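Q:
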Amino acid sequence: MSICFKIACQGATSITTFADILCNSLKSAICYAVCDKTALEIANEMKTDYPAFNGNRQKLDLFMLSSLLEKEDFETYQQYIYNPQYYMQDFIRRTVDSYCLDKKNPKLKQILNLNLDSFQALVFSALHESTKVVKDKHGNVALWLDEFCTRLGDDLYLARSDLKSIEHQEIKDIEFLKEAVSDSLSRALGQLKQTFSEISLEPFVSKPHEILFEQLCGCLKQCPFCKAVCTNTIPRHDGNHSTDFHRPQAMSGIQWEGTNHLVTDICSSLVASDHIIVLEGEKTVCKNYREMGSKYENWDIKPSTFQLPYWQWFVSHFRSNLEKTYNGKFEGKGAIPEDWKNLEKNKILFDMLSNRQKESTDLR
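So for the sequence shown, my numbering puts the first residue at 7; every next one is plus one.
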């Protein structure tokens with residue numbers, strides 16, 4: 007009697023150990039799968055619901071510039087100008103956070119719970135079906151694991167090779183095994199539900215704002231003169247860098263030689279002129295800027311005199327900030343034109359919002 011009881015206890019212990027090891031692996035796999043699926047769903051929802059994200063990088067830029075204009079903060083502009091990658095990531099992250107982390111409307115929690123329920127149904131179905139097959143075939147634990155992992159399929163990755171250490175357990179009662187795994191799994195799922203009750207993106211390996219950034223960032227190389235960003239939509243594209251609109255060079259602190267007068271001209275008008283660039287004592291005609299080295303040779307700056315009123319307003323409005331930052335003056339050749347001083351922020355913002363509305367309508 008005591009021998010039978012000892013064997014039964016050993017069998018129960020083996021099954022419990024097996025169930026705990028398996029469910030620890032399952033818990034990690036389910037957590038990753040739920041977060042991954044949720045991140046993709048949030049990113050896709052936002053690309054549908056948010057006009058800033060349903061186009062290309064240039065459209066996103068329009069929304070970022072509108073936001074900067076409304077905020078009217080010089081230091082935030084400097085982030086945008088000098089670190090466009092950081093600013094774009096932060097802009098997308100803040101927008102995503104406001105969308106899915108709002109405690110009054112816990113969008114993230116809702117999607118996480120729906121996906122957790124979906125994977126829970128998948129795992130319990132695999133548990134039931136694999137047990138039935140193994141009982142019919144009078145199989146062992148190794149066969150049960152084969153069947154179980156196969157039924158999880160591509161939806162939930164559980165590496166069969168990681169379970170080699172438990173496949174040799176001497177377990178005969180497959181039905182008892184199923185019940186033990188079911189109990190252990192229920193506890194693990196309860197722990198995950200508790201984790202997901204906290205409205206946070208912390209458990210996510212790939213976060214929604216990172217997915218959106220990768221999809222929208224394009225090339226972020228900057229003009230070596232005015233810091234305008236390359237408008238190519240492919241991050242590591244072939245060929246030269248270019249941008250639709252260059253900016254007044256004063257925005258990056260460039261001054262006229264021999265003075266502290268900041269340059270209000272744009273790169274594309276200067277390359278059409280006979281002006282000279284002086285770099286570390288070396289002089290180069292502006293139109294031959296590509297000869298100045300690797301930093302410049304991959305940029306295609308086409309001659310043009312058109313300037314965006316947006317950046318004219320910026321230079322005029324933040325004149326004192328720019329002069330202080332770059333220890334320069336808007337005097338002489340760098341004097342700010344009178345018409346720049348008459349530009350109205352509200353008019354520029356209205357035009358940008360109208361363009362945003364037009365962009366959104368065109369995509370419908």
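Here a beta-carbon is modelled for each residue, glycine too, at the ideal position from N, C-alpha and C.
In this text, all values refer to a predicted model and were calculated from it rather than measured experimentally.
Rounded to the nearest angstrom, what separates Asp306 and Ser258 at their Cα positions?
A: Reading the sequence shown from its first residue, position 300 is the one you call residue 306. Reading the sequence shown from its first residue, position 252 is the one you call residue 258. About 19 Å.
Q: Less than 7 Å separating the beta-carbons of Leu75 and Tyr83?
A: Stepping through the sequence shown from its first residue, residue 75 is reached at position 69. Stepping through the sequence shown from its first residue, residue 83 is reached at position 77. For Leu75 and Tyr83, no; Cβs fall outside 7 Å.
Q: Could you name each continuous beta strand (DSSP E) segment of 3 residues or more that falls completely within the region 249 to 291, going from the start of the chain to the end?
A: 282 to 285, 288 to 291
Q: Could you give the distance in angstroms between the alpha-carbon of Gln91 and the alpha-carbon of Glu208?
A: Here residue 91 corresponds to residue number 85 of the sequence shown, with the count starting at 1. Here residue 208 corresponds to residue number 202 of the sequence shown, with the count starting at 1. Their Cα atoms are separated by approximately 22 Å.
Q: Alpha carbon to alpha carbon, how far is Asn111 from Met52?
A: One-based indexing of the sequence shown puts residue 111 at position 105. One-based indexing of the sequence shown puts residue 52 at position 46. The straight-line gap from Cα to Cα measures roughly 15 Å.
Q: Beta carbon of Leu71: closer than 6 Å to some heavy atom of the ligand COA?
A: Questions concerning the ligand COA fall outside what the structure shown contains, since it holds no ligand whatsoever.
Q: Sort Asn266, Phe80, Lys143, His247 by Cα distance to Asn333 and report the nearest one.
A: For the purposes of this step, residue 333 is identified with residue 327 of the sequence shown, where counting begins at 1. Answer by Cα proximity: Asn266.
Q: Ser360: buried (16+ other C-beta within 10 angstroms of its C-beta) or exposed?
A: As a working mapping, residue 360 is identified with position 354 in the sequence shown. Per the 10 Å Cβ criterion, exposed.
Q: Between His281, Arg253, Leu268, which lies nearest to Pro230 when the distance is taken from Cα to Cα?
A: Here residue 230 refers to the residue found at position 224 when the sequence shown is read from its first residue. When each option's Cα is compared against that of Pro230, the closest is Arg253.
Q: Compute the Euclidean distance between the alpha carbons of Phe11 and Arg157, then round it to the nearest angstrom.
A: Reading the sequence shown from its first residue, position 5 is the one you call residue 11. Reading the sequence shown from its first residue, position 151 is the one you call residue 157. Because the pLDDT of Phe11 is 31, which lies under 50, any placement of that residue in the model is unreliable, and the number read from its coordinates should be weighed accordingly. Cα to Cα, Phe11 sits roughly 35 Å from Arg157.
Q: With a threshold of 8 Å on Cβ separation, who are the neighbours of Val40 within its own chain once the five nearest residues in sequence on each side are excluded?
A: Position 34 of the sequence shown, counting from 1, holds the residue named residue 40. Around Val40: Leu118, Asn121, Leu122, Phe125, Leu198, Phe202.
Q: By a C-beta neighbour count over all protein chains shown, 10 Å radius and 16 as the cutoff for buried, is Ile36 buried or exposed?
A: Here residue 36 is taken as the residue at index 30 of the sequence shown, counted from 1. Ile36 should be labelled buried.
Q: Are there 16 or more other CB atoms within 10 angstroms of the CB of Lys289, so buried, or fewer, so exposed?
A: Walking along the sequence shown from the start, residue 289 turns up at place 283. Around the C-beta of Lys289, fewer than 16 other C-beta atoms lie within 10 Å, and the residue is accordingly described as exposed.
Q: Are at least three pairs of beta-carbons, each pair with one atom in the region 322 to 340 and one in the region 296 to 305, less than 8 Å apart?
A: Segments in contact, no.
Q: Can you tell which of Leu164, Leu68, His215 has its C-alpha closest to the C-alpha of Tyr105?
A: Taking the sequence shown and counting its residues from 1, the one referred to as residue 105 is at position 99. If we check each option's Cα against that of Tyr105, His215 comes out closest.
Q: My understanding is that Ile21 touches Phe182, with C-beta atoms under 8 Å, so please give their C-beta distance in whole angstroms.
A: Translated into positions along the sequence shown, residue 21 becomes position 15. Translated into positions along the sequence shown, residue 182 becomes position 176. Correct: roughly 6 Å between the Cβ atoms.
Q: Here's the rule: buried if 16 or more other CB atoms are within 10 angstroms of the residue's CB, otherwise exposed. What is Gly264?
A: As a position in the sequence shown, residue 264 is number 258, starting the count at 1. Exposed.
Q: For the alpha helix (DSSP H) containing Glu185, name the first residue and the last one.
A: Taking the sequence shown and counting its residues from 1, one reaches residue 185 at position 179. Taken as a continuous stretch (DSSP letters only), the alpha helix (DSSP H) holding Glu185 covers 180 to 203.
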